[in-house]
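Engineer:
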Amino acid sequence: MRAWCAAAIAGLAGFAAGCSPRSAAVDAAAGADAVPPYPPPRTDLVPAVGTASAIDVATWNVENFPKTPQTPRLVADLIASLDLDVVALQEIASVDAFDELVARLRGYDGVLSPHTYSDGSYQKIGIVYRRDVVSVDDVRLLLSDHGYELPRPPLAVEVSIAGSSLDFRAVAVHLKAGFDADDRSRRAAAVALIEAEVAMDPDPEVVVVGDFNEVVTSDAGRAVFAPFFDAADHYVVLTDGLAQSGAETFLPSGAMIDHAVATADLAASVAADTIDVPPLADELVGYRDAVSDHLPVVIAVTP
109 MRAWCAAAIA GLAGFAAGCS PRSAAVDAAA GADAVPPYPP PRTDLVPAVG TASAIDVATW
169 NVENFPKTPQ TPRLVADLIA SLDLDVVALQ EIASVDAFDE LVARLRGYDG VLSPHTYSDG
229 SYQKIGIVYR RDVVSVDDVR LLLSDHGYEL PRPPLAVEVS IAGSSLDFRA VAVHLKAGFD
289 ADDRSRRAAA VALIEAEVAM DPDPEVVVVG DFNEVVTSDA GRAVFAPFFD AADHYVVLTD
349 GLAQSGAETF LPSGAMIDHA VATADLAASV AADTIDVPPL ADELVGYRDA VSDHLPVVIA
409 VTP
């Protein structure tokens, strides 16, 4: 089930009391694949990147999810096969399909942004997480009164790790797309707003993940990220090294526009060699047509 109460938060920046994550009830018995109860997701579709010793956090733009009726099943299979613990998803275009995804992911819960555009359409941000490994609390939208800079408000959750004293704030973003100067200016303004919000967060461990629709491999692109790069004592753009080495997350252009930025306190728990872009387009035939034109980005947080 979704973890949002649209009526309760209408006109407010944050989630109202009582809008806590809820799990999808799934019968343990396997049923027909087309309707619940769904069979368990496959865990052998692609090689795993997750490990038992870390919390594996991913961001993934799933391109107008679902692209096909089979997409929820494929995304569930990929999340389970990659062995991910927390996944921030962008471009959820069907609430029902998100519910199906959570239902297919045995042992996972999900939260979904209540945001819609003025015409009632939407590209929502959602987060799914493995409930035996982490718990999620304090679910809220950020900066929802800045629709020009942030047409899709960031979705923030507090992540607590089972058996560990480490918890952290995860902020999922989906910034303005486009190539002209106004689009880039809006992204730059959005990053400045997000950095200011993170700087005020009482939790020193914060990670901002998502589709920034921007590269860090050009001077103009790095200028968008200036609030983070210019405060190197406080932030680490975790994906900078991968981007400089030629990694790509947006298949049509071969650019890396999906990123993870952490506060220095949390970055200390993320080893550089655990930051990865799984090559799903090479590992799964038909990936771009059936799943997404983006690849996920994965980081491993070691408690």
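By this note's numbering, the letter at position 252 of the sequence shown is numbered 360, and the numbering carries on one by one without gaps. Quick reminder that beta carbons are idealized off the backbone N, C-alpha and C, glycines included.
Between which residues of its own chain and R294 is the CB-CB distance below 6 Å, once the five residues before and five after are set aside?
Structural biologist: For R294, where only same-chain residues beyond five positions count, the Cβ hits under 6 Å are E257, K284.
Engineer: For A362, collect the residues of the same chain with a Cβ closer than 8 Å to its Cβ; drop the 5 residues on either side in sequence, then sort them by chain order.
Structural biologist: The question names Ala, yet the displayed sequence has Gly at residue 362. Contacts found: E356.
Engineer: Just how far apart, CA to CA, sit L346 and P155?
Structural biologist: Spanning the two alpha carbons is a distance of roughly 23 Å.
Engineer: State yes or no: is the C-beta of L197 within less than 8 Å of the C-beta of I163?
Structural biologist: The answer is no: Cβ separation not under 8 Å.
Engineer: In whole angstroms, give me the CA-to-CA distance for L301 and P147.
Structural biologist: Spanning the two alpha carbons is a distance of roughly 43 Å.
Engineer: I need the DSSP call for A140, collapsed to helix, strand or coil.
Structural biologist: Its pLDDT being 48, under 50, A140 is placed unreliably in this model, and the coordinates cannot settle the point.
Engineer: Rounded to a whole number of angstroms, what is the C-alpha to C-alpha distance between R214 and R181?
Structural biologist: When rounded, the distance between both Cα atoms is 12 Å.
Engineer: From Y343 to D290, what distance separates their C-alpha atoms?
Structural biologist: Their backbone Cα atoms lie some 26 Å apart in a straight line.
Engineer: Indicate the three-state DSSP secondary structure (helix, strand or coil) for D246 in the structure shown.
Structural biologist: DSSP places D246 in strand when its eight states are reduced to three.
Engineer: From the DSSP output, which residues share a beta bridge with R181?
Structural biologist: Answer is none; R181 lacks a bridge partner.
Engineer: How many angstroms separate the CA atom of N321 from the CA atom of E305?
Structural biologist: Taking the straight line from one Cα to the other gives about 20 Å.
Engineer: Applying the criterion that 16 or more other CB atoms from any shown protein chain within 10 Å of the CB defines a buried residue, is G286 buried or exposed?
Structural biologist: Exposed is the call here.
Engineer: To which residues does DSSP link I407 through a beta bridge?
Structural biologist: Beta-bridge pairing links I407 to V165.
Engineer: The beta strand (DSSP E) with V219 in it runs from where to where?
Structural biologist: Where V219 is concerned, the enclosing beta strand (DSSP E) stretches over 216–220.
Engineer: Kindly provide the ranges of any beta strand (DSSP E) runs that are 3 or more residues long and lie completely inside the region 221–279, ordered along the chain.
Structural biologist: Taking only runs of at least 3 residues, the beta strand (DSSP E) segments lying wholly in the region 221–279 are 232–238, 242–249, 263–269.
Engineer: Can you look up G318 in the DSSP assignment and give me helix, strand or coil?
Structural biologist: G318 falls in the strand class under three-state DSSP.
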